[in-house]
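Chemist:
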Amino acid sequence: MSRTYLSIFFFMAVLVETFADDFSKTCYTCASPSLRSRWSLTGLSPVADSSFTACDDPSSNGGNTPTEPCSGPCLTVLFDDPDSITQQNGITSVLVVRGCHSTLTQVVADRNSGGSSYCEVDTTHVMSNLKGNTVSVRKLVDFCSTTNCNSRTIQTGFNTPACVQQTQNNLLNNAPLNCYDCQPKEGKNCQESKCSKKYCMKQQVKVDGGFQLYKTCSNVNVLGVDNGCMTYDLVTNPGGVAVTNHLTQCFCRDKQFCNGSRFETVFATVIMFLGAAILRFH
């Protein structure tokens, strides 16, 4: 057998070992029904239409909340509805997504919850609403490792159980992590201002040959790794015409202003991260 075939065989064997984990655990898998037409707000991989069902309090839903087998952590994402915020009335509703982390992100998380949860919350998370306006919301990301553990309710989930991981290991070489913070500009690599939180973040949307790049900082990281990216296609229907948007979202904390580069190297970053994940589990 040639060296090339041996390398391919070894690579496939590692993949099988990596992903052939115990799927005996299940996770609740659902999302707020109003997210069906606004899924881009989540920054997660697209899900089936059947996921948009009663999701506010799955453990008291009479066993009717869908579940799915999962070998990695279960995930809960809570965030204030950015489209319901007004200067007069503040927040009017909370949105939720639940599921198997690897299904929602296509990333192998390294958050070891030790049987409990690994939870981060950001009370001033900056995001855009559907109108393109930037708003500040509460956002929570919770990883847990037991069957159907992703059951935080939207009524009390921001406070109970308490989230503390956003305050741990949140410095870089004993100094605050500085990140670029700027609004999307067509075809521009923005670097005009900065902010400081646990992670730097950048997001690029490509459509019709152009791109918009958005950068900020956050105390929550849905990828479950300190440095990594996820990429997926999202179909929207402006004016009833289907348009495919190519979205890439990255988090980092390995150096100051780590969200400064453009996205030419994103694919290489994803490949290197996948390789690291494979080696870690091998």
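Under mature numbering (1 follows the signal peptide of the UniProt record, and there is no 0), residues -20 to -1, 1 to 262 are what the sequence shown spells out, in order. Ideal placement from N, C-alpha and C gives every residue a C-beta, glycine not left out. This one's a predicted model, so the numbers in the text were calculated from it and none came from an experiment.
(1) Judging by CA-CA distance, which residue of N207, K177 and Q183 is the nearest neighbour of S198?
(2) Have a look at L203 and K186 and give me their C-alpha separation to the nearest angstrom.
(3) Can you tell which of S20, V87 and F231 has the C-alpha that lies nearest to the C-alpha of K111?
(4) For my contact list, F123 and R91 are in at a C-beta cut-off of 8 Å; report their separation, rounded to the angstrom.
(5) Note the first and the last residue of the continuous alpha helix (DSSP H) segment covering T133.
(6) In whole angstroms, what is the alpha-carbon distance linking R16 and T140?
(7) Determine the closest residue to F32 out of T83, T45 and C80, with distance taken between C-alpha atoms.
(8) Buried or exposed: where does K5 fall if 16 or more other Cβ atoms within 10 Å of its Cβ makes it buried?
(9) Cα-Cα, which of L157, G42, C209 and V215 is closest to F237?
(10) For a cutoff of 8 Å on Cβ pairs, would you count R233 as touching chain C?
(11) Pull the bridge partners of K182 from the DSSP assignment, please.
(12) Return the chain-ordered ranges of every beta strand (DSSP E) run that is complete within the stretch 78 to 127 and spans a minimum of 3 residues.
(13) Counting along the chain, where does the beta strand (DSSP E) carrying F59 start and finish?
Modeler: Taking the coordinates as given:
(1) Stepping through the sequence shown from its first residue, residue 198 is reached at position 218. For the residues N207, K177 and Q183, the minimum Cα distance to S198 belongs to K177.
(2) Sequence index remark: in the sequence shown, residue 203 carries index 223 (1-based). Sequence index remark: in the sequence shown, residue 186 carries index 206 (1-based). In a straight line, the C-alpha of L203 is about 20 Å away from that of K186.
(3) Here residue 111 is taken as the residue at index 131 of the sequence shown, counted from 1. Ranking the options by Cα distance to K111, first place goes to S20.
(4) Within the sequence shown, residue 123 is the residue found at index 143, counting from 1. Within the sequence shown, residue 91 is the residue found at index 111, counting from 1. 5 Å between Cβ atoms; contact.
(5) Numbered from 1 along the sequence shown, position 153 holds the residue referred to as residue 133. Unbroken run through T133: none, as it is neither H nor E.
(6) Stepping through the sequence shown from its first residue, residue 16 is reached at position 36. Stepping through the sequence shown from its first residue, residue 140 is reached at position 160. Looking at the two C-alpha atoms, the distance is approximately 27 Å.
(7) Stepping through the sequence shown from its first residue, residue 32 is reached at position 52. Per the Cα distances, T45.
(8) Here residue 5 is taken as the residue at index 25 of the sequence shown, counted from 1. Buried.
(9) Here residue 237 refers to the residue found at position 257 when the sequence shown is read from its first residue. Considering only alpha carbons, the answer is L157.
(10) No chain C is part of this structure, which consists of one protein chain only.
(11) Taking the sequence shown and counting its residues from 1, the one referred to as residue 182 is at position 202. In DSSP, K182 forms a bridge with K195 and C230.
(12) 97 to 108 and 114 to 124
(13) Here residue 59 corresponds to residue number 79 of the sequence shown, with the count starting at 1. Element bounds for F59: C54 to D60.
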